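>
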Amino acid sequence: MKANKDAIHLDTSGFTPNLPRRHRVGKLWLVIFRFATVVGLIALATLLLNVMNSAFGYVAVENKVDPDTLAVNGVELDDLPKAELVRILQENVSAGLFRRLENDEPFAERSRLDVYNLVLERVVEPRVVQQWSLQDSLFRRAQIEAEVAANYPKAELEFKSWLDKYFILNPQSARAERAGVRTAILGSLWTVGIAIVFAFPIGVGGAIYLEEYAADNAINRVIRTNINNLAGVPSIIYGILGLAIFVRALEPLTSGTLLGLADPTTANGRTILSAGLTLGLLILPMIIINAQEAIRAVPSSLRQASYGLGATRWQTVWHHVLPNAMPGVLTGAIFAISRAMGETAPLVVIGASTFINVDPNGPFAKFTTLPIQIYQWTSRPQDVFRNIAAAAIVVLVLLLLSLNASAVILRNRFSRRLD
Amino acid sequence: MAMQTNVSDHPISTNGTYAIEARNLRVYYGNFLAVKDVNLHIPQQKITALIGPSGCGKSTMLRAFNRMNELVPTARTEGEILYHAVNIYDPDIDAVEVRRRIGMVFQKPNPFPKSIYENVAWGARINGYKGNMDELVFESLRQAALWDEVKDKLTQSGLSLSGGQQQRLCIARAIAIKPDIILMDEPASALDPIATLRIEELMQELAQKYTIIVVTHNMQQAARVSDYTAFFSLDEQDRSGVLVEYGPTKKLFTNPEKSITEDYVTGRFG
């Protein structure tokens, strides 16, 4: 640089470039940004580790009957067909109980899972007497073995994944060992499904009106500002709103009595439909705001080209604005799904059932959702419920990921079509 | 001239003198008067260039011819634009019908993010074209001098073409709806000199069939391609655009009547 300075005469009077200092400031900010990212990553890792720590680990189980003795020709209890399971049940319970079970629901009509659960419940009767975290299970194995041998001579030590096939497939149960999240998963899918079906068309329609049709006057500006504010209203307020409108005022509709479809066990407005519509109201501002932004980002040159060819406003919106805004609109929908899936407070207000072990059979059924289930389990006094709550959190996260993934695929398909 | 008369009821006259005519045209943006009292008659099947310094209202003037100014919420138009003796600003006239008759090509090439074929076919389809769509698309592309370059890739995106090709695609798109007049708003300003030359050649070919009104910043371009030139300038007092001089291009460039025109075309200001 020195040689150049001599060769080229630069007029530097009035400038103090101070280059080292400018670079130093840049480096300082870079360090701050890196630190912020690391903090975020640590928080995420802690969360995941914490959940994993409870979802997996050693348990000491006391069985009334050792399941190994029930194995038939080397086939373990887990893999036995329904007929064998029925036979085991018949051999191991009193004739009276077997008749009563048959009377409740004939064995021919029961599912294999149901019979398997009966075998566990009535014959094996496993009872978790103590459980250890994943961390302890990995690093203090010898100690745990000694403890079990000393305290629970009859117990068997096994490594348990609280998240297993039966956890996904079983309905809620009062005993943590047999409790599952099937009803909660179905409840979550139903409510979020109704919410998105309700809120997506209305939200996108509202956004189209506000961006493409509404004049830029004071009233519309007030409406726009208020929609932005609505997105920040605490979700419990939506719960109160939903309770007043859907559960109480519209009870004949939301309970299904108006259509003659009421669930005989509920017959009030605390149904999947009420919950779905309440979540729909909750995510509506999010969808509107994101759709508005996506529509605003469509270049005006496209609109002009369309109008210039003699297209009507609607043709312009339908053929150009909407397809080009769709990736952004769908991004908003992805956020909205995540939000609705994780909501607990408004559903508590609406009256989600905390204990329910029958599958929801339609929009007029009682329901529970995954977050409600997790909330309820974590507030139980028994330690075992903490483990299944952790497993339910893993299920919720996986469910969210898969729903989001499908929305992302849909969005990418739209973006690709535009290139 | 009757209130109920629709633009489409009038056959395109081939022996008439004027394609379109502005009478006492005033365009406001809010309170600002952008174009003041313009009287201008555009001859048929000729190229008319609108020139003038930046902000003199020539683009506004161009957009007044097919009511594109209406897309600006604050814009307001007074006076008349007569198209085959019908005022296109008459409340009975549908702007959509006006734009279908008076097409437009924009400054920046703006093809739709669709296939090349679909770019040309879309306008015709939404306007209810019932004929052979393939023939219409191919013929429009040929007229726009683009056919040879794109005939093997009609299903590719219009955005995959070069800037000059995109602009010719926009011209093909405009002529596919069989307009009477084509408005061009600085159609070559975003293009390189070779692409510009092609557009200019194309304009002269199209002028055998269509009336073309072109806004340009480039005075050589106006001199090269246009038959008539209208020179706009800013009113000294209220900064609104006024028509200073209008006449055959040759006369305007060689022997203008007003000194301000001479200053502009000789490059002494603007």
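Residue numbers (the working numbering), protein chains in the order written: chain A, 6 to 424; chain B, 189 to 458. We treat Cβ as the ideally placed atom computed from N, Cα and C, and that holds for glycine. On a predicted model such as this, the values are computed, not experimentally measured, just so you know.
Which of the three DSSP states is assigned to B:ARG214 in this structure?
Walking along the second sequence from the start, residue 214 of chain B turns up at place 26. Reduced to three states, the DSSP call for B:ARG214 is strand.
> Considering only the beta carbon of each residue, do A:GLY274 and A:VAL252 sit closer than 8 Å?
Against the first sequence, residue 274 of chain A aligns to sequence position 269. Against the first sequence, residue 252 of chain A aligns to sequence position 247. Yes, the pair counts as a contact, with Cβ atoms nearer than the cut-off.
> Is it true that the CB of A:VAL399 sits closer than 8 Å to the CB of A:ALA60?
Along the first sequence, one-based indexing puts residue 60 of chain A at 55. Along the first sequence, one-based indexing puts residue 399 of chain A at 394. Their beta carbons are under 8 Å apart, which means A:ALA60 touches A:VAL399 by this criterion.
> Would you decide whether A:PHE164 is buried or exposed? Buried here means 16 or more other CB atoms lie within 10 Å of its CB.
By 1-based counting over the first sequence, the position of residue 164 of chain A is 159. Flag for A:PHE164 reads exposed.
> Excluding five sequence neighbours on each side, which residues of the same chain lie with their C-beta closer than 7 Å to the C-beta of B:LEU250?
Counted from its first residue, the second sequence places residue 250 of chain B at position 62. Counting only Cβ-Cβ distances below 7 Å, and skipping sequence neighbours, we find LEU238, LEU371, ASP373, ILE401, VAL403.
> Using the three-state DSSP reduction, which class does B:TYR206 fall into: helix, strand or coil?
Walking along the second sequence from the start, residue 206 of chain B turns up at place 18. The answer is strand: DSSP assigns B:TYR206 an E or B state.
> Does DSSP classify A:LYS165 as helix, strand or coil?
Here residue 165 of chain A is taken as the residue at index 160 of the first sequence, counted from 1. Note: A:LYS165 maps to strand in three-state DSSP.
> I think B:THR417 touches B:ALA410, with their Cβ atoms under 8 Å apart; what is that distance to the nearest whole Å?
In the second sequence, the residue the question calls residue 417 of chain B occupies position 229. In the second sequence, the residue the question calls residue 410 of chain B occupies position 222. About 6 Å; that satisfies the 8 Å criterion.
> Can you tell which of A:TYR121, A:PRO176, A:VAL64 has the C-alpha that lies nearest to the C-alpha of A:PRO86?
For the purposes of this step, residue 86 of chain A is taken as the residue at position 81 of the first sequence. Among A:TYR121, A:PRO176, A:VAL64, the Cα nearest to that of A:PRO86 belongs to A:TYR121.
> For B:LEU238 and chain A, any beta-carbon pair shorter than 8 Å?
Counting from one through the second sequence, the residue named residue 238 of chain B turns up at place 50. By this cut-off, B:LEU238 is not an interface position.
> Classify A:SER99 as helix, strand or coil using the three-state DSSP reduction.
Your numbering for residue 99 of chain A matches position 94 in the first sequence. The answer is coil: DSSP assigns A:SER99 none of H, G, I, E or B.
> Assuming B:GLU393 contacts B:VAL413 (C-beta within less than 8 Å), just tell me the rounded distance between them.
Numbered from 1 along the second sequence, position 205 holds the residue referred to as residue 393 of chain B. Numbered from 1 along the second sequence, position 225 holds the residue referred to as residue 413 of chain B. Going by Cβ atoms, the distance from B:GLU393 to B:VAL413 rounds to 11 Å, so no, they are not a contact pair.
> Can you find a CB in chain B that lies within less than 8 Å of the CB of A:LEU408?
On the first sequence, residue 408 of chain A is found 403 positions in, with the first residue counted as 1. It does not; no Cβ of chain B falls within 8 Å.
> Please list the partners that A:ASN329 has in chain B, where partner means a Cβ-to-Cβ separation under 8 Å.
One-based indexing of the first sequence puts residue 329 of chain A at position 324. Ordered by position in chain B, the residues that pass the 8 Å Cβ test against A:ASN329 are PRO301.
> Helix or strand or just coil, what does DSSP make of B:ALA418?
For this step, residue 418 of chain B is matched to residue 230 along the second sequence. The answer is strand: DSSP assigns B:ALA418 an E or B state.
> Count the other C-beta atoms from every protein chain shown that fall within 10 angstroms of the C-beta of A:TRP167, then say buried if there are 16 or more, exposed otherwise.
Taking the first sequence and counting its residues from 1, the one referred to as residue 167 of chain A is at position 162. Buried, by the Cβ-count rule.
> Does any residue of chain B bring its CB to less than 8 Å from the CB of A:SER116?
The residue labelled residue 116 of chain A in the question sits at position 111 within the first sequence. Cβ-Cβ to chain B under 8 Å: no for A:SER116.
> Could you please give the first and the last residue of the uninterrupted beta strand (DSSP E) stretch that includes B:PRO436?
For the purposes of this step, residue 436 of chain B is taken as the residue at position 248 of the second sequence. Note, B:PRO436: beta strand (DSSP E), 429-436.
> Return the CA-CA distance between A:ARG187 and A:ALA396, expressed in angstroms with no decimal places.
Residue numbering aside, residue 187 of chain A sits at position 182 when the first sequence is read from its first letter. Residue numbering aside, residue 396 of chain A sits at position 391 when the first sequence is read from its first letter. In a straight line, the C-alpha of A:ARG187 is about 13 Å away from that of A:ALA396.
> What number of angstroms, rounded off, separates the C-alpha of B:ARG386 from the C-alpha of B:TYR271?
For the purposes of this step, residue 386 of chain B is taken as the residue at position 198 of the second sequence. For the purposes of this step, residue 271 of chain B is taken as the residue at position 83 of the second sequence. The alpha-carbon atoms of B:ARG386 and B:TYR271 are separated by roughly 30 Å.
> Measure from the alpha carbon of A:ILE207 to the alpha carbon of each residue in A:ALA223, A:LEU287, A:TRP195, A:GLU81, then state which is nearest.
The sequence position of residue 207 of chain A within the first sequence is 202, counting from 1. Taking only the C-alpha atoms, the option nearest A:ILE207 is A:LEU287.
> Would DSSP call A:ALA76 helix, strand or coil?
Here the question's residue 76 of chain A lines up with position 71 in the first sequence. Residue state, collapsed to three classes: coil.
> With a threshold of 7 Å on Cβ separation, who are the neighbours of B:ASN203 within its own chain once the five nearest residues in sequence on each side are excluded?
Position 15 of the second sequence, counted from the start, is the residue given in the question as residue 203 of chain B. Residue placement at B:ASN203 is poorly supported in this model, since its pLDDT is 45, which falls under 50; the coordinates are not used for a value here.
> With DSSP as the reference, please indicate the residues paired to B:ARG275 in a beta bridge.
Counting from 1 along the second sequence, the entry for residue 275 of chain B is found at position 87. Checking the sequence, you will find Asn at residue 275 of chain B rather than Arg. In the DSSP output, where bridge partners are listed per residue, B:ASN275 has B:LEU270.
> Looking only at C-alpha atoms, which of A:SER193, A:ALA412, A:ALA310, A:ALA370 sits nearest to A:ALA338?
Here residue 338 of chain A refers to the residue found at position 333 when the first sequence is read from its first residue. When each option's Cα is compared against that of A:ALA338, the closest is A:ALA412.
> For A:VAL363, tell me which candidate among A:GLY356, A:GLY45, A:LYS371 has the shortest Cα-Cα distance.
Here the question's residue 363 of chain A lines up with position 358 in the first sequence. Out of A:GLY356, A:GLY45, A:LYS371, A:LYS371 has the C-alpha closest to the C-alpha of A:VAL363.
> Can you tell me whether A:PRO206 is helix, strand or coil according to DSSP?
Here residue 206 of chain A refers to the residue found at position 201 when the first sequence is read from its first residue. Three-state DSSP puts A:PRO206 in a helix.
> Would you identify the three-state DSSP class for A:ILE425, choosing helix, strand or coil?
Examination of residue 425 of chain A is not possible in this model, given that chain A is present from 6 through 424 alone.
> Rounded to whole angstroms, how far is the Cβ of B:ALA222 from the Cβ of B:GLY429, which I believe are closer than 8 Å?
Counting from one through the second sequence, the residue named residue 222 of chain B turns up at place 34. Counting from one through the second sequence, the residue named residue 429 of chain B turns up at place 241. Confirmed, about 6 Å.
> Could you check the C-alpha separation between A:GLY31 and B:ILE304 for me, to the nearest Å?
The residue given as residue 31 of chain A occupies position 26 in the first sequence. The residue given as residue 304 of chain B occupies position 116 in the second sequence. About 46 Å.
> How should A:LEU403 be labelled, buried or exposed, when 16 other C-beta atoms within 10 angstroms of its C-beta is the threshold for buried?
For the purposes of this step, residue 403 of chain A is identified with residue 398 of the first sequence, where counting begins at 1. Exposed, by the Cβ-count rule.
> Using only CA atoms, which one of B:ARG288, B:THR236, B:ALA252, B:ALA309 lies nearest to B:GLY346?
Residue numbering aside, residue 346 of chain B sits at position 158 when the second sequence is read from its first letter. Comparing Cα-Cα distances from B:GLY346 to each of B:ARG288, B:THR236, B:ALA252, B:ALA309, the minimum goes to B:ALA309.
> Considering only DSSP beta bridges, list what A:PHE112 is partnered with.
Translated into positions along the first sequence, residue 112 of chain A becomes position 107. DSSP, once it has assigned bridges, lists no residue as partnering A:PHE112.
> Residues bridged to A:TYR157 by DSSP?
For this step, residue 157 of chain A is matched to residue 152 along the first sequence. In DSSP, A:TYR157 forms no bridge with anything.
> In chain order, what residues of the same chain have a beta carbon less than 6 Å from the beta carbon of A:MET331, not counting five sequence neighbours either side?
Locating residue 331 of chain A in the first sequence gives position 326, where the first residue counts as 1. Within the same chain, A:MET331 has close Cβ partners PHE419.
> In terms of residues, what are the limits of the alpha helix (DSSP H) holding B:ASP451?
Numbered from its first residue, the second sequence carries residue 451 of chain B at position 263. Start and end: 447-453.
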